[in-house]
Every structure is written in structure tokens, then in C-alpha cells.
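Colleague: Have a look at this one before I ask anything.
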Amino acid sequence: MPTFLGTARRMALTPALDAVTIGKRGFPGADSPAASRLDLVPQTVICGFEWAIEARSMAHVQRRLSVVDPELRGFAYEGATMAYTVRDAFGGHRTRDLLLDTGAPHLFVAYIGIGFAMARLPRRLWSKVVPDLGDTRYHPTMSWLAVDGYGFDRAYFDTDKWIGRQYLPAPYPWAGAPHYFPRALDQGIGRALWFMHGARPEGVAGAVGRFDPARQPDLWSGAGLAASFAGGCDAEGYDRLRELAGPHRAQVALGAVLAAKARDYAGHVPDYTSTAVRVFGGVSVADASALADQASSAGEAPGPEPSYELWRRAIRAHFEAGARATSK
């Protein structure tokens, strides 16, 4: 049952469901045929947030999360993780408890939820937002997805500044690698562009093309991740996005692999994810997931780059090598 304080938190912090839709945000994809379906994603995040920001009992929250459709359940866990991260900033270990329990299969998207919370917390608290998950697989390497989530949030809710003026904040020493912070942000901004343009490949490509060329590779990988994880178009649309990516096709394939791994890890792979991975990378979801695991060994190599980027680089290299072989 919610407490009085919990109800107050919900009323003060939870946006209305229609406030996060593509149309309400005034995005160019508002008239896209995919808009109503894509709107379910941020709305599901809001539901998860609302449940966890208010409820006293985690078991009550978990029960609600369990009845969300498997295709959308990860997004509900994003919202719940966001709420618990905000609450833990003032004391507690709810985020850790959730991610060591029923949230474990949704670890990848849960990190993104942490990033959403970071957008609402002062920087001085960021060093404490990622809980200690012990020897959990993919932790803490994939915690860079929190920075990705922060970038998505800022692009989606402060669009004029982050998209229109292409703002980049001062680097933050996430995982001891401040130089990589802007790149992880761009990966999240690229994901946001997929939603903002209603899954229209031409709109996404045009938006990416207006950014500095140095930022475009990470933007493309984010678009590939969102297209593969959230869907929004058919095989023809995916093929068009791949075509428009041009020299950044390996980045789109990289995003698809991460989406496939996250979906496979959570135990539910929608048909559109399978289609996207096949179109973007020419592989099955099972092969993409295996590639992700194989590439993870690159994270143990010494050097200044975070293990997350070494992992990504190994996956990109696979598709770049395949492209070179095809062109011969």
C-alpha cells in the first residue's frame, strides 16, 4: 500500500502519460504510423516509475511489473529502476535489491533507468547511483548504458538545447573515463532520434546528418539499438535505414547486436528485433547474442578506453570485416 509520502512523491514527480508522447512533445514523427505504438514505450516507463516511486513494498511493485506484457516489461523496469534510484539518493538500497532479484534479466535497460534518474539528480550524487551488484555478469561494464539513458532523456525532454543547439555538457568521470562520457551521451541521443522521428529512416538520417561528423558514428549506433529493441518499421524500413547509414552501417549493426543481447537476456525477443538484426547485421538473434558474449573478452585488455568501448569495438570490427570481405 502507498504511504502519504509515497503518494506525494508520485504526484510531484510523475508526469502525465500523454505528456511523454511524440505528439505532445511536438516531435516531427507525430504523424508517423508508428507513433502510437512507440508512445507505449515512454508511457510504460512512466507506469513503472509511478508504481515504484509510491509503493512502500517492493513485492507490490514486482507484482505489478510481472503482469506487464513481456514485450514492454523491460521498459517498466526502466521506470521502476529510475524511481528507486531517485529514492536511494536519499537513503536505501532498493535499486540493488531489485536488480539482484526480478530485475536481473532486465539489467541492460535498468541501467538506462538509472540514467533517467541522473537527469533529475545533481551531479554530486552521480557517483552513488550505480549499486554494487557483486559479480553479476555484465556489471559494471554495461553501466555506461546509464550515461546513454541520461543522453536520451535530455534529448527527449530538453530538445532545443540538446538537439537544436547540439549541446554537450562538461565531461564527467564515469567509470574513470571522462573522455568517453560525451560518446556514451551521443549513443543515447541517437536512440532518442529514432523515437522523435517516429521510426522514419529519412527523418533519423537527416537529424544525424546535422550533427558534427565526429559525433555521427555513436548517434547511428544508438539509432540502430532503438530500431532493433523498440521496433517501429518493417524489413523494408530497416533496409532503408541501413542504406542511409552509409559508412556507418557497422555502427547500426553494433546497436542491433546490443538490442538482441538485451532482449535475449530478458527472455523475450519480438519478431521485429529478429528482423532488424537480420537486416542490419545479417545474423540471427542467437548468433548476435553469442557475438556479444564473445566480444566481451575484449574488455579485459589494458588501455585507456573503458571496457564498454572495447566490447563495442570488437563487435564493430566483426561487421567491418564482413563488409570488406563482401566488397572484394
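FYI, UniProt numbering numbers position 283 of the sequence shown as 283, with every residue one higher than the one before it.
Don't be surprised by glycine CBs; every beta carbon is placed ideally from N, CA and C.
For clarity, every value in this text was computed on a predicted model and none was experimentally measured.
1. Look at residue 74 and residue 46 and say whether their C-beta atoms are less than 8 Å apart.
2. Suppose contacts are defined by Cβ-Cβ distances below 8 Å. Is residue 85 in contact with residue 103 by that definition?
3. What residue from 229, 280, 254 has the CA that sits closest to residue 265's CA?
4. Pull up the distance between the alpha-carbon of residue 320 and that of residue 88, whole angstroms please.
5. Taking 8 Å as the threshold, find out whether the segment 276-288 comes into contact with the segment 256-263 through three or more Cβ pairs.
6. How big is the Cα-Cα spacing for residue 311 and residue 251?
7. Touch check for the segment 186-201 and the segment 148-156: three-plus C-beta pairs under 8 Å?
8. Looking at chain D, is there any beta carbon in it that lies within less than 8 Å of the beta carbon of residue 303?
9. Could you tell me whether the segment 126-133 touches the segment 163-171, where touching means 3 or more Cβ pairs closer than 8 Å?
10. Taking a contact to mean a Cβ-Cβ separation below 8 Å, would you say residue 290 touches residue 314 in this structure?
11. Report buried or exposed for residue 286, applying the criterion of at least 16 other Cβ atoms within 10 angstroms of its Cβ.
12. Classify residue 16 as helix, strand or coil using the three-state DSSP reduction.
13. Quick check on this structure: which residue in 176, 97, 181, 71 has the alpha carbon closest to the alpha carbon of residue 62?
14. To the nearest angstrom, how far is the alpha carbon of residue 191 from that of residue 237?
15. Which residues in the same chain have their Cβ closer than 7 Å to the Cβ of residue 123, if we skip the five residues on either side of it in sequence?
16. Only counting the same chain, and skipping five residues up and downstream in sequence, which positions put a Cβ closer than 7 Å to that of residue 34?
17. Thinking C-beta only, is residue 99 closer than 8 Å to residue 352?
18. Quick check on DSSP: helix, strand or coil for residue 34?
19. If you draw a straight line from the C-alpha of residue 303 to the C-alpha of residue 67, how long is it?
20. Ignoring anything shorter than 4 residues or poking outside the segment 55-81, list the alpha helix (DSSP H) runs there in chain order.
21. Classify residue 36: buried if its beta carbon has 16 or more other beta carbons within 10 angstroms, exposed otherwise.
22. With C-beta atoms as the reference, is residue 23 less than 8 Å away from residue 16?
23. Since residue 306 and residue 177 should fall inside the 8 Å C-beta cutoff, what is the C-beta to C-beta distance between them, to a whole number of angstroms?
24. Would you mind working out which of 216, 54, 147 sits nearest residue 185, comparing C-alpha positions?
25. For residue 248, count neighbouring Cβ atoms within 10 angstroms of its own Cβ and tell me buried if that reaches 16, exposed if not.
26. Go ahead and label residue 57 buried or exposed: buried means 16 or more other beta carbons lie within 10 angstroms of its beta carbon, across all protein chains shown.
27. How about residue 262 and residue 227: do their beta carbons lie closer than 8 Å?
28. When burial is assigned at 16 or more other CB atoms within 10 Å of the CB, is residue 42 buried or exposed?
29. Need the endpoints of the alpha helix (DSSP H) that residue 225 sits in, please.
Modeller: This is what the structure gives:
1. Position 74 of the sequence shown, counted from the start, is the residue given in the question as residue 74. Position 46 of the sequence shown, counted from the start, is the residue given in the question as residue 46. Contact flag unset, no.
2. In the sequence shown, residue 85 corresponds to position 85, counting from 1. In the sequence shown, residue 103 corresponds to position 103, counting from 1. No, these two residues do not count as a Cβ contact at 8 Å.
3. Position 265 of the sequence shown, counted from the first residue, corresponds to residue 265. For the residues 229, 280, 254, the minimum Cα distance to residue 265 belongs to 229.
4. Residue 320 sits at position 320 when you count from the first residue of the sequence shown. Residue 88 sits at position 88 when you count from the first residue of the sequence shown. Distance between the alpha carbons of residue 320 and residue 88 is about 42 Å.
5. yes
6. Within the sequence shown, numbered from 1, the residue matching residue 311 stands at position 311. Within the sequence shown, numbered from 1, the residue matching residue 251 stands at position 251. Their Cα atoms are separated by approximately 13 Å.
7. yes
8. The structure shown contains no chain D; it holds only a single protein chain.
9. Below 8 Å, too few C-beta pairs join the segment 126-133 and the segment 163-171 to call them touching: fewer than three.
10. Locating residue 290 in the sequence shown gives position 290, counting from the first residue. Locating residue 314 in the sequence shown gives position 314, counting from the first residue. Cβ distance not < 8 Å, so residue 290 and residue 314 don't count as in contact.
11. By one-based count along the sequence shown, residue 286 stands at place 286. An exposed status is given to residue 286, since fewer than 16 other beta-carbon atoms sit within 10 Å of its beta-carbon.
12. The count along the sequence shown starts at 1 and reaches residue 16 at position 16. Residue state, collapsed to three classes: coil.
13. Counting from one through the sequence shown, the residue named residue 62 turns up at place 62. Nearest option by C-alpha distance: 97.
14. If you number the sequence shown from 1, residue 191 lands on position 191. If you number the sequence shown from 1, residue 237 lands on position 237. Roughly 16 Å between the two C-alpha positions.
15. Taking the first residue of the sequence shown as 1, we reach residue 123 at position 123. Only 172 meet the Cβ criterion.
16. Stepping through the sequence shown from its first residue, residue 34 is reached at position 34. Close CB contacts of residue 34 within its chain, under the 7 Å cut and outside five residues either way in sequence, are with 198, 199, 232, 233 (chain order).
17. Residue 352 lies beyond the residue range present for the chain, which begins at 1 and ends at 328; the question has no answer from this structure.
18. Mapped onto the sequence shown, residue 34 falls at position 34. If DSSP states are grouped into helix, strand and coil, residue 34 belongs with coil.
19. Counted from its first residue, the sequence shown places residue 303 at position 303. Counted from its first residue, the sequence shown places residue 67 at position 67. Answer to the nearest angstrom: the Cα atoms are 44 Å apart.
20. 58-66
21. As a working note, residue 36 is residue 36 in the sequence shown. Its Cβ having fewer than 16 others within 10 Å, residue 36 is exposed.
22. As a working mapping, residue 23 is identified with position 23 in the sequence shown. As a working mapping, residue 16 is identified with position 16 in the sequence shown. No; because the gap between Cβ atoms is not below 8 Å, this pair is not in contact.
23. Residue 306 sits at position 306 when you count from the first residue of the sequence shown. Residue 177 sits at position 177 when you count from the first residue of the sequence shown. Sure, about 4 Å apart at Cβ, within 8 Å.
24. Here the question's residue 185 lines up with position 185 in the sequence shown. Each of 216, 54, 147 was checked against the Cα of residue 185, and the nearest Cα belongs to 147.
25. As a first step, residue 248 is located in the sequence shown; it is residue number 248 there, counting from the start. Its Cβ being crowded by 16 or more others within 10 Å, residue 248 is buried.
26. Indexing the sequence shown from 1 puts residue 57 at position 57. Answer is exposed; the Cβ neighbour count stays below 16.
27. As a first step, residue 262 must be located in the sequence shown, where it is residue number 262. As a first step, residue 227 must be located in the sequence shown, where it is residue number 227. Against a cut-off of 8 Å, the Cβ pair of residue 227 and residue 262 comes out as no contact.
28. Against the sequence shown, residue 42 aligns to sequence position 42. Its Cβ being crowded by 16 or more others within 10 Å, residue 42 is buried.
29. Translated into positions along the sequence shown, residue 225 becomes position 225. Per DSSP, residue 225 belongs to the alpha helix (DSSP H) from 216-230.
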